[in-house]
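To start, the structure under review is shown below, and the notes come after it.
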Amino acid sequence: MCDEQEISRSTGFLWTYEGEDFLVTNWHSLTGVNPYSGRFLSRKLAARPNSIRVALPSSQLGRKLGYNVPLFDENGDPLWSVHPTAREQVDIAVIRLPDESERPEMGAQLLATPLNTGQWANLEPFVGENLFVIGFPRNLHMHGLPIWKRATFATEPVLFSDKPGHRQVWIDCASREGMSGSPVIQVAHGHYLRGEDRRFSNLLPGHEFYGIYSGRLVDPEDDPRLDDQLVAQIGIVWPRLLIERVVTHGVRDVFRRENSFEPTIESA
């Protein structure tokens, strides 16, 4: 939101740490700026947001519980955290959400659950294996529930490390606007579990939270010569380890709405 004007919609999810709940989404979703090119994402409005409207699922099917969360403090400094060295070049932003005493009266039970409290299968990731990107492409939903878009690992996830040039994992997925900030879930049938015993299970599908989606590798809007029908549908995912690092060791961002954007240059 820019004041009362809605700029765009994105996806996000909850994360809990030391008794507090945080919203995890993309840096570009909170700033309205492409972290690599510096251009406004809202070309019609050329606006940068100063708050977000958070909508969370409730016990009443189809009804979301919503409230506003400011993005800047009284001095104009951002309230969200970013990667401690790469900052916005890792397109993840984490912002603390008001606790129950600070939220307005909802009138229904909140059902949102932090993803890091889930019972995950701890799957080994391999190139070509199945994933789902769970979000709201162009605000599509069914009874307020998100869309599960199928994907596969397009590059070797085992090459990931929290070092410059090795943080992105690419996936093959036909995604659209609104899915930025979506959780990415790995799904396997008849899978090996990580661990010393490497137990084998072929009874039920296993699910593993893998990371956060942040958009397509090549966006036709960035280059008018590209035909949207011909662009390879390759998306960017930032693995879970990066989310954990931003939550536990992240730093407050230095982005200010009134300043020109200066991309972070990370030292080797």
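For the sequence shown, numbering that gives the first Met the number 0 begins at 0 and goes up steadily by one.
Quick reminder that beta carbons are idealized off the backbone N, C-alpha and C, glycines included.
Quantities reported herein were computed from a predicted structural model and do not represent experimental measurements.
- When G177, H82, R166, P48 are compared, the shortest CA-CA separation from D2 is found for P48.
- The beta-carbon distance between I184 and H206, rounded to whole angstroms, is 6 Å. This is short enough to meet the 8 Å contact definition.
- Around the C-beta of R149, fewer than 16 other C-beta atoms lie within 10 Å, and the residue is accordingly described as exposed.
- Cβ neighbours of H142 within its own chain (closer than 8 Å, five residues either side excluded): L60, G61.
- Exclusion of the five residues before and after L40 leaves S7, H27, G31, V32, N33 as the residues of its chain whose Cβ lies within less than 7 Å of its Cβ.
- Scanning V126, G177, G37, L13 for the CA closest to the CA of H140 turns up G177.
- Under the 8 Å Cβ criterion, the region 63-81 counts as touching the region 244-260, having at least three qualifying pairs.
- Shortest Cα-Cα distance from I94 to any of G180, E123, E128, D171 involves G180.
- Judged by beta-carbon spacing, P238 lies beyond the 8 Å limit of V132, meaning their Cβ atoms are not closer than that value.
- Assignment of T151 by DSSP, reduced to helix, strand and coil, places it in the strand class.
- A Cβ-Cβ separation of about 7 Å places F152 in contact with L130 under the 8 Å criterion.
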